[in-house]
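Read the structure below first, then the notes.
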Amino acid sequence: LDVSDWTVSDAIAVRHTFPAGTMIDDQCAIVIFPGGTPVGQFGGVQVQVASTGQLGLNNGGDSVIVRDAGGLIITQMSYGSATNGNGLNLDPEVVGTSYVLHSNVPGATGNFSPGTLVTGAQFSGCAAIGTDTDMDGIPDVDDNCPMNANPQQEDCDLDGIGDACDSDPDLDGNGIQDNCDVMAPAGLVMNEIRIDQPGADNDEYVELRGLPGTSLQGLTIISIGDPTTTPDGNGGAIDSINSLSVSSGSPMVIPADGIFLIAESTFTLAGDVDAITTFDFENGDTTTYLLVTNFTGSLDQDVDLDDDGIIDANPPWGEVVDGISLIDCEVEPCGNLSYAASLGLPVLGPDIITVGKSQVSVLPAHAYRCSNIDEWRTGTFDPFDAMTADTPAALNPECIAVTPCPWDCAPDNGDGTYGNGSVNIDDLLGVINDFGATDSPCDNAPDNGDGTFGNGSINIDDLLGVINNFGPCGSIKH
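Mapping of the sequence shown onto this note's numbering: residues 692 to 1169, in sequence order.
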């Protein structure tokens, strides 16, 4: 079947156009992935990556529509939200007229089976799959290490020989070939991150900023929080890993505008995405996000075994390039430990939201580095909010410096020091107790509209200054 220039759409837009010359063998199939570099045999079917870089299929329900080159609908289906992690499959296979959960089809061996029948068997019209000696899902003819299982085909030096069987020396014994060891690139920083939003987290992303042409080979974005299996309340476990290395072709580099955007295939915000991945960031507890070199660790690996808030010696990476901790309370520790401060990196949070008549501290959903000063700010929970500061793949907003924070003025928690990075009940009591005083550190608000700070007396302006800026210094109140 010639499907040249046919399209696959969701309910909103065309997501994939089949290239000219695309032919599907009789009784075989074709699989379209949203992005990345699909690795595997997939039953010997053709594999393509969505021409738009995403399929846009929503977890809460959507449609899949196939049209021919003239725009005529050839087939379509719609689904709801209750799929329980399953794919949807015709039942009976191939000839059925209705879709059911994949695991409910007789003979199914899992929740999905891209490129094969639900049993894992090939479609009858597909060419036989070649020998796979190491049983890693890659036929020997395509495997860069045919005798060593390496399903991801990692090849850090891009020499065509997989890392699993490459004989290049590793004199420092760090698990990385010496010719793949990388140093932290000069000027490269994490610039913006979104980890949460209302509903499905379709728009999680990380933005890097650096010198144009900077290679990202050998770099990895990790997060440190709760184990993915059994949260322990302390954190310290690597709970997401996103490598920026490629296993073939040219390395990813910072583009000419100096901004590199990494997002999920479901990304709907404005901005050109430079790399597609799956983040699966934790939403509910303090988490540290790091950009590191020469990563050799694994998911759920504990890098703070004694739970002292300091990364253990000899962590499974080389250098920390940059990072940030997002926290969900005003005074740490607050559940999970954070690690940025011990690494000389910023800590941001909590965000302050209004629930009913109360203000609640939560984990920031969005954070960005100011474009004019080296400080971070908290953005809005909803990236589509009218006050959103999301600028993926574009210059971040400018900020007004918030250090010192004039309303963070009273001795905090009885320790006699001034300022703890948050305008809280101590500062409110400081203004109330010093009301009318002429020598109080809380005489800081612009008085009577003249734009000056302090008029020699604590008055209603100072009280309103504390109330209106209650919460972490520099956070956006909403």
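Glycine included, C-beta positions come from ideal geometry on N, C-alpha and C.
Distance between residue j and residue i (C-alpha atoms, nearest Å)
i	j	result
V1012	L907	11 Å
I950	D963	10 Å
P918	N1124	46 Å
V696	Q739	It is worth fixing the name first, because residue 696 is Asp in this sequence and not Val. The straight-line gap from Cα to Cα measures roughly 13 Å.
I1116	V1038	21 Å
G1026	I723	41 Å
D998	Y1030	11 Å
T1129	W1098	16 Å
A1182	D892	What is shown of the chain runs 692 to 1169, which leaves residue 1182 out entirely.
E955	S742	15 Å
G747	N777	17 Å
P842	I764	37 Å
Y980	D948	24 Å
A711	V785	25 Å
L1017	V796	43 Å
G816	N1005	52 Å
S941	Q868	18 Å
D833	A720	20 Å
L849	N1159	55 Å
F709	I715	11 Å
T978	T788	46 Å
R1068	E883	10 Å
N802	D782	14 Å
Buried versus exposed call for residue i [16 or more other C-beta atoms within 10 Å across all chains shown]
i	result
A812	exposed
A704	exposed
F1075	exposed
E1010	exposed
V961	Here residue 961 turns out to be Ala, not Val, going by the sequence shown. By the 10 Å Cβ count, A961 comes out exposed.
G734	buried
D1042	buried
P889	exposed
D1134	buried
T1143	Residue placement at T1143 is flagged as unreliable, the pLDDT there being 45, under the threshold of 50; the coordinate-derived value follows with that caveat. So T1143 counts as exposed.
T905	buried
Q745	buried
A1080	buried
S769	exposed
Backbone secondary structure at residue i - three-state DSSP
i	result
L1154	helix
S906	strand
D1042	strand
F733	helix
A1032	helix
S700	strand
S941	coil
C856	coil
L862	coil
D869	helix
S794	helix
V1177	Outside the modelled stretch of the chain, which goes from 692 to 1169, sits residue 1177, for which no answer is possible.
N835	coil
I1018	coil
I829	coil
D693	strand
D782	coil
G965	One point to set straight first is that residue 965 is Asp, not Gly, in the sequence displayed. In the structure shown, D965 sits in coil (DSSP, three-state: anything other than H, G, I, E or B).
Beta-carbon proximity of residue i to residue j, cut-off 8 Å
i	j	result
I1001	P725	no
T1162	V1114	Before going on, a small fix: residue 1162 reads as Gly here, not Thr. Yes, Cβ-Cβ distance for G1162 and V1114 is below 8 Å.
V694	T713	yes
G640	T810	For the chain, the structure presents residues 692 to 1169; residue 640 sits outside this window and is missing.
D863	D854	no
R900	V880	yes
G1047	D1019	no
D887	N870	no
P1007	G1035	no
D1153	V1122	yes
I945	L902	yes
D825	M838	yes
G806	V736	yes
H793	L808	no
G916	D894	no
C992	A928	Contrary to the premise, residue 992 reads as Gln rather than Cys in this sequence. In contact: Q992 and A928 (Cβ atoms closer than 8 Å).
V983	I932	no
Bridge partners - residue i, DSSP secondary structure assignment
i	result
W1067	R1060
N933	I912
I950	R900
E883	E898, Y1059
F724	V740
L982	I912, D1013
V705	S700
V757	V699, T766
Within-8 Å CB hit, residue i to chain B
i	result
G1000	The structure shown contains no chain B; it holds only a single protein chain.
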